[in-house]
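Participant: Quick one: the structure is below, questions incoming.
Protein chains: 2
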Amino acid sequence: MSFSPALVAVDWGTSSFRLWLMSRDGTVLAEQRSDEGMSEIAARGFETVLEHHLSCLSVPANLPVVICGMAGSRQGWVEAGYLDTPADVTTIGARATLVPDAARQVIILPGLAVRSESEPDVMRGEETQLLGAHLEMPGGARYCMPGTHSKWVSMQGATVAGFETFMTGELFSTLSARTILVHSTGGDGPVEANDPAFLTGVRDGWARPAKTTHQLFSIRAGQLLYDHDTDESRARLSGLLIGAEFAGAGVHGDEQIGLVASGALQRLYHAALTACGAKVRDIDADVAVRRGLMEAWQRYSNTSGELTQS
Amino acid sequence: MSFSPALVAVDWGTSSFRLWLMSRDGTVLAEQRSDEGMSEIAARGFETVLEHHLSCLSVPANLPVVICGMAGSRQGWVEAGYLDTPADVTTIGARATLVPDAARQVIILPGLAVRSESEPDVMRGEETQLLGAHLEMPGGARYCMPGTHSKWVSMQGATVAGFETFMTGELFSTLSARTILVHSTGGDGPVEANDPAFLTGVRDGWARPAKTTHQLFSIRAGQLLYDHDTDESRARLSGLLIGAEFAGAGVHGDEQIGLVASGALQRLYHAALTACGAKVRDIDADVAVRRGLMEAWQRYSNTSGELTQS
Numbered sequence: 514m515s516f517s518p519a520l521v522a523v524d525w526g527t528s529s530f531r532l533w534l535m536s537r538d539g540t541v542l543a544e545q546r547s548d549e550g551m552s553e554i555a556a557r558g559f560e561t562v563l564e565h566h567l568s569c570l571s572v573p574a575n576l577p578v579v580i581c582g583m584a585g586s587r588q589g590w591v592e593a594g595y596l597d598t599p600a601d602v603t604t605i606g607a608r609a610t611l612v613p614d615a616a617r618q619v620i621i622l623p624g625l626a627v628r629s630e631s632e633p634d635v636m637r638g639e640e641t642q643l644l645g646a647h648l649e650m651p652g653g654a655r656y657c658m659p660g661t662h663s664k665w666v667s668m669q670g671a672t673v674a675g676f677e678t679f680m681t682g683e684l685f686s687t688l689s690a691r692t693i694l695v696h697s698t699g700g701d702g703p704v705e706a707n708d709p710a711f712l713t714g715v716r717d718g719w720a721r722p723a724k725t726t727h728q729l730f731s732i733r734a735g736q737l738l739y740d741h742d743t744d745e746s747r748a749r750l751s752g753l754l755i756g757a758e759f760a761g762a763g764v765h766g767d768e769q770i771g772l773v774a775s776g777a778l779q780r781l782y783h784a785a786l787t788a789c790g791a792k793v794r795d796i797d798a799d800v801a802v803r804r805g806l807m808e809a810w811q812r813y814s815n816t817s818g819e820l821t822q823s
Numbered sequence: 514m515s516f517s518p519a520l521v522a523v524d525w526g527t528s529s530f531r532l533w534l535m536s537r538d539g540t541v542l543a544e545q546r547s548d549e550g551m552s553e554i555a556a557r558g559f560e561t562v563l564e565h566h567l568s569c570l571s572v573p574a575n576l577p578v579v580i581c582g583m584a585g586s587r588q589g590w591v592e593a594g595y596l597d598t599p600a601d602v603t604t605i606g607a608r609a610t611l612v613p614d615a616a617r618q619v620i621i622l623p624g625l626a627v628r629s630e631s632e633p634d635v636m637r638g639e640e641t642q643l644l645g646a647h648l649e650m651p652g653g654a655r656y657c658m659p660g661t662h663s664k665w666v667s668m669q670g671a672t673v674a675g676f677e678t679f680m681t682g683e684l685f686s687t688l689s690a691r692t693i694l695v696h697s698t699g700g701d702g703p704v705e706a707n708d709p710a711f712l713t714g715v716r717d718g719w720a721r722p723a724k725t726t727h728q729l730f731s732i733r734a735g736q737l738l739y740d741h742d743t744d745e746s747r748a749r750l751s752g753l754l755i756g757a758e759f760a761g762a763g764v765h766g767d768e769q770i771g772l773v774a775s776g777a778l779q780r781l782y783h784a785a786l787t788a789c790g791a792k793v794r795d796i797d798a799d800v801a802v803r804r805g806l807m808e809a810w811q812r813y814s815n816t817s818g819e820l821t822q823s
């Protein structure tokens, strides 16, 4: 193992910032995390925020930085564009955007886009996880990447054939906090992956997705007529939305799915996919994004003829 | 036509209050409307609010009042319970609750409930519209009652066999104001029933309801990739949610549906149902609820042996 820092890898999303100081062989030497939102960051300036985190870890000024995520959006630091599907995910490094006039070398990776007039789609950040997941599990054909906006990705080798985003996570948080369901599902206890109400919700949403917006109201009626408990109702809401996502993604029994996730979402989606008969291979999302960032940096360096200093 | 007031008919919902001074033959002699919310009303007191509106119209103290809607909920004025399906909708008057200790005779009509452990449902207010709609169009088998929480009702003669609620209206307002879609669908221009983006959305939601939560995100992607206009995107959002409701309700071509609605919602649902090949019979929701309130009052009077003074 090498303990000499070679690269700073950053996953910079809309509401979370994660930075890892990496050695050349992929060892994590140090880490910084923050929950600063995009609007706060835009006000302070992206470079100021980044350099603040780097100074906390005393990162030398010659160390390069590779970034994926919303920092590359139009409202981000520097717009990093999209690669259109079908897209070879191993090329995201070669298509990175160098941030102009930065104090150090900083590159931002592009997102992916499905350019379809009838059903367009975009991802930004997940393409880097996907590159890492592909390296971890090269034979995978379908990947599920749960989150605020869950992504379902079809791959052929290293090529992303297409993908679909489902608003599952945002629907869960919005419906449980901002609609009449707040009375039935309020509270903030975590949904447990082995809760029967969750798993029944998954199966109901998966089996009859057309009924989803009815089944949602039924949660409220269940509280009025049967005094259903809010924890149970919240678990059912989560299950229904995840089940409807599975129906939309066309999940079927015996299918093998690479689940790129971590923490509570990994546990929920693993249990939910298993309940629908899918064969799940777990890929840690943090490991995947770091591996993707490292690999993209290597490809960028090779393409641009520049090598990291280590 | 009689111009002598016989009854005060009130549709008292969560966010709207409508009161009509009626003659014995159903003529509307005067009207009061307000948008006071339930929490505001609960603070002032239901009787105070009602008597204020009655005094605005100089309604004599001996005139009875019949009320339907959320005023009869647990958090309302007096809980008026539910009739369980299958339920004869002509009996809601006989099952009304007399408000105790009121300054005048005030009755509140019960709601309807589907008592099913797996998919319970409730309505409160729509049962009275339904009674009026049944009297307007006795042969109808299916009624669509669009709104914040749209109701689809199956009737056999005067009996409500069952119903399903879809959260369509609340989803539209919440998604367009409280999620990432606010950037793509923000604004408050009305959706027009003949907008091609609306009608395409209806057909897409109806044909592939499992894809709804994906198609929602696609609206956002369409703005990022193609600069889709917010009015067009809002029309598509409305169409997708209504189309998904139709899929859930099992709408099929050539089916005859009684549409109990008024105003903008009537125009949108009429166009949407027609686009899916259904045969629509329009029933004005205001006319229906007044007729239902009158009929329920008559039934209550006959049952309780009391007659209106007119």
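Top to bottom, those sequences are chains A and B.
Taking the numbering used here, the leading residue of the first sequence gets 514, the next gets one more, and so forth.
Taking the numbering used here, the leading residue of the second sequence gets 514, the next gets one more, and so forth.
Note that the Cβ used here is the ideal one computed from N, Cα and C, for glycine as well.
Which residue from G790/B, A616/B and S751/B puts its Cα closest to that of Q841/B?
Facilitator: This structure gives no information on residue 841/B, because the portion of chain B shown stretches from 514 to 823.
Participant: How would you list, in chain order, the residues of chain A whose beta-carbon sits under 7 Å from the beta-carbon of E549/B?
Facilitator: Under a criterion of Cβ atoms nearer than 7 Å, no residue of chain A is adjacent to E549/B; the nearest Cβ is some 18 Å distant.
Participant: Roughly how many angstroms separate the alpha carbons of E640/B and L625/B, rounded to a whole number?
Facilitator: Distance between E640/B and L625/B, taken at the CA atoms: about 7 Å.
Participant: H662/B versus chain A: which residues are under 9 Å apart at the beta carbon?
Facilitator: I693, F730 and R733
Participant: Which bits of chain A does L534/B rub up against, with CB to CB less than 8 Å?
Facilitator: Result: empty, since nearest Cβ-Cβ is about 32 Å, beyond 8 Å.
Participant: When you compare only the Cα positions, how much space is there between R655/A and W665/A?
Facilitator: Taking the straight line from one Cα to the other gives about 7 Å.
Participant: Short of 6 Å in beta carbon distance, which residues of its chain neighbour H741/A, apart from the five on each side in sequence? Order them along the chain.
Facilitator: Taken in chain order, the residues that qualify are G735.
Participant: Can P623/A be considered in contact with the ligand MG, in the sense that its beta carbon sits closer than 7 Å to one or more heavy atoms?
Facilitator: With respect to the ligand MG, the structure offers nothing, as it holds no ligand at all.
Participant: Between T816/B and chain A, is there a C-beta pair that is closer than 8 Å?
Facilitator: Using a CB distance cut-off of 8 Å, T816/B does not count as an interface residue toward chain A.
Participant: Check whether the Cβ of P518/A lies closer than 8 Å to any Cβ atom in chain B.
Facilitator: No - not a single Cβ of chain B is within 8 Å of the one on P518/A.
Participant: Excluding the five sequence neighbours on either side, which residues of its own chain have a C-beta within less than 8 Å of the C-beta of L820/A, listed in chain order?
Facilitator: At L820/A, the pLDDT of 45 sits below 50, so the modelled position is not reliable and the matter cannot be decided from this model.
Participant: If we define contact as Cβ-Cβ less than 8 Å, is Q822/A a contact residue for chain B?
Facilitator: Legend: pLDDT at Q822/A = 43, less than 50; position of this residue unreliable, value from coordinates given subsequently. By this cut-off, Q822/A is not an interface position.
Participant: Residues of chain B with CB under 9 Å from Y739/A, in chain order?
Facilitator: R628, E630 and P633
Participant: Might you give, ordered along the chain, the residues of its own chain that have their beta carbon closer than 8 Å to the beta carbon of E808/A, omitting 5 neighbours on each side?
Facilitator: T603, G606, L644, G645 and L648
Participant: Are any of the Cβ atoms in chain D nearer than 8 Å to that of G582/A?
Facilitator: Given the protein chain composition of this structure (A and B), no chain D is represented.
Participant: Output yes if chain A places a C-beta closer than 8 Å to the C-beta of G790/B; else output no.
Facilitator: Cβ-Cβ to chain A under 8 Å: no for G790/B.
Participant: Check the Cβ-Cβ distances between A748/A and every residue of chain B, and say whether any is below 8 Å.
Facilitator: no
Participant: Since A522/B and W533/B should fall inside the 8 Å C-beta cutoff, what is the C-beta to C-beta distance between them, to a whole number of angstroms?
Facilitator: 5 Å
Participant: What does the Cβ neighbour count give for F676/B, buried or exposed, with the cut at 16 atoms within 10 Å?
Facilitator: buried
Participant: Does L684/B get closer than 8 Å to chain A when you measure Cβ to Cβ?
Facilitator: yes
Participant: According to DSSP, is L576/A helix, strand or coil?
Facilitator: L576/A falls in the coil class under three-state DSSP.
Participant: For P703/A, does the three-state DSSP call read helix, strand or coil?
Facilitator: coil
Participant: Do G638/B and G582/B have their C-beta atoms closer together than 8 Å?
Facilitator: yes
Participant: According to a CB-to-CB cut-off of less than 7 Å, which residues of the region 758–769 of chain A neighbour chain B?
Facilitator: E758, A760 and G761
Participant: When you compare only the Cα positions, how much space is there between V562/B and I554/B?
Facilitator: 7 Å
Participant: In chain A, which residues lie with their C-beta within 7 Å of the C-beta of E677/B?
Facilitator: H727
Participant: Evaluate V627/B with the Cβ neighbour count: other Cβ atoms within 10 Å of its Cβ, from every protein chain shown; 16 or more gives buried, anything less gives exposed.
Facilitator: Using a 10 angstroms sphere on the CB of V627/B, the tally of other CB atoms reaches 16 or more, which defines it as buried.
Participant: Could you give the distance in angstroms between the alpha-carbon of S697/A and the alpha-carbon of L611/A?
Facilitator: 49 Å
Participant: At the level of alpha carbons, what is the spacing between A690/B and G699/B?
Facilitator: The C-alpha of G699/B is placed about 7 Å away from the C-alpha of A690/B.
Participant: With a threshold of 8 Å between beta carbons, is F711/A in contact with chain B?
Facilitator: no
Participant: Would you mind working out which of S663/A, A748/A and T713/A sits nearest P703/A, comparing C-alpha positions?
Facilitator: A748/A
Participant: Is the distance from the Cβ of L712/A to the Cβ of A788/A below 8 Å?
Facilitator: yes
Participant: Please give me, in chain order, every unbroken run of the beta strand (DSSP E) with length at least 3 that falls completely inside the region 692–751 of chain A.
Facilitator: none
Participant: From the beta carbon of T598/A, is the nearest beta carbon of chain B less than 8 Å away?
Facilitator: no
Participant: Please compile the residues from chain B whose C-beta is within a distance smaller than 7 Å of the C-beta of P722/A.
Facilitator: P722 and A723
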